[in-house]
Amino acid sequence: NTAHELGHKKGAGERLLARFALAPSGYGHFAIEHVRGHHRDVATPEDSASSRMGESYYRFIRREIPGAFRRAWHIETERLSRRGQRPVSLANEILQNAAITAVLWLGLLAWLGPLVLPFLLIQAAFAYSLLSSANYVEHYGLRRGRDAQGRYVRPEP
7 NTAHELGHKK
17 GAGERLLARF
27 ALAPSGYGHF
37 AIEHVRGHHR
47 DVATPEDSAS
57 SRMGESYYRF
67 IRREIPGAFR
77 RAWHIETERL
87 SRRGQRPVSL
97 ANEILQNAAI
107 TAVLWLGLLA
117 WLGPLVLPFL
127 LIQAAFAYSL
137 LSSANYVEHY
147 GLRRGRDAQG
157 RYVRPEP
């Protein structure tokens, strides 16, 4: 939740803190997909973080987790393309976030040994499931209609 709130801030320092807060779970792509994708497309078929009416939680997480990563990669690729940069570069925030996670995990492995690996994997799976649970409940069955021009209407309570 801390990373989620920090990711909404405008300041670069706070957004960087969000990325570091996501590092232990390896869910760094969330910082990109949530603000630049989910907020724009919530409650539409394009949003993998919006659960569908009648969709089980287990079916939802099998769609949401890979969907969030694919969408973050697409969003980041478009951002880099507008700047004339290639997706596989040091400017790619997904790769930067993965590097932060790798440094953290490798540092913990070097310090604590291989016995820490099951803990790292379990806590990451737990973090993924907590976020997915929140998304499932908060967005269950929500769907936005379209206006006369075919654009999605604004979400309302």
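Count along the sequence shown starting at 1, add 6, and that's the number in the numbering used here.
Think of the CB as a built atom: it goes at the ideal place given N, C-alpha and C, for glycine as much as any other residue.
(Q) Rounded to the nearest angstrom, what separates Leu-137 and Ala-78 at their Cα positions? (A) 16 Å
**Q.** Short Cβ contact (7 Å threshold) for Ala-133 with Ser-31
**A.** yes
Q: Sort out for me which residues DSSP pairs Arg-65 with in a bridge.
A: Per DSSP, none; premise fails for Arg-65.
Q) On the three-pair Cβ rule with 8 Å, is the stretch 35-53 touching the stretch 116-126? A) Cβ pair count under 8 Å is below three, so no.
**Q.** Touching by the beta-carbon criterion (3+ pairs, under 8 Å), the stretch 89-108 and the stretch 28-43
**A.** yes
(Q) Please report the distance separating the alpha-carbon of Pro-124 from that of Pro-72. (A) 22 Å
Q. How would you call Ser-139, buried or exposed, if buried means at least 16 neighbouring beta carbons within 10 angstroms?
A. exposed
Q. In the stretch 15-43, which residue ranges form an unbroken alpha helix (DSSP H) of at least 4 residues, counting only runs that do not cross its ends?
A. 18-28, 36-39
Q: Return the residue from the list Thr-83, Lys-15, Ser-56 that minimises the CA-CA distance to Pro-161.
A: Comparing Cα positions, the closest option is Ser-56.
Q) Buried or exposed: where does Gly-17 fall if 16 or more other Cβ atoms within 10 Å of its Cβ makes it buried? A) exposed
Q | Tyr-158 - partner residues in DSSP beta bridges | A | Per DSSP, Arg-152.
Q. Any idea what DSSP makes of Pro-72, helix, strand or coil?
A. helix
Q | Within 7 Å, strictly: CB atoms of His-93 and Thr-83 | A | Residue identity differs from the one stated: residue 93 is Pro in this sequence, not His. Yes, they are a contact pair.
Q) In this structure, does DSSP put Gln-129 in helix, strand or coil? A) helix
Q.
Using a 10 Å radius around the Cβ and a threshold of 16 neighbouring Cβ atoms, would you call Leu-28 buried or exposed?
A. buried
Q) Is it true that the CB of Ala-74 sits closer than 7 Å to the CB of Leu-86? A) Ala-74 is positioned such that its CB atom lies no closer than 7 Å to that of Leu-86.
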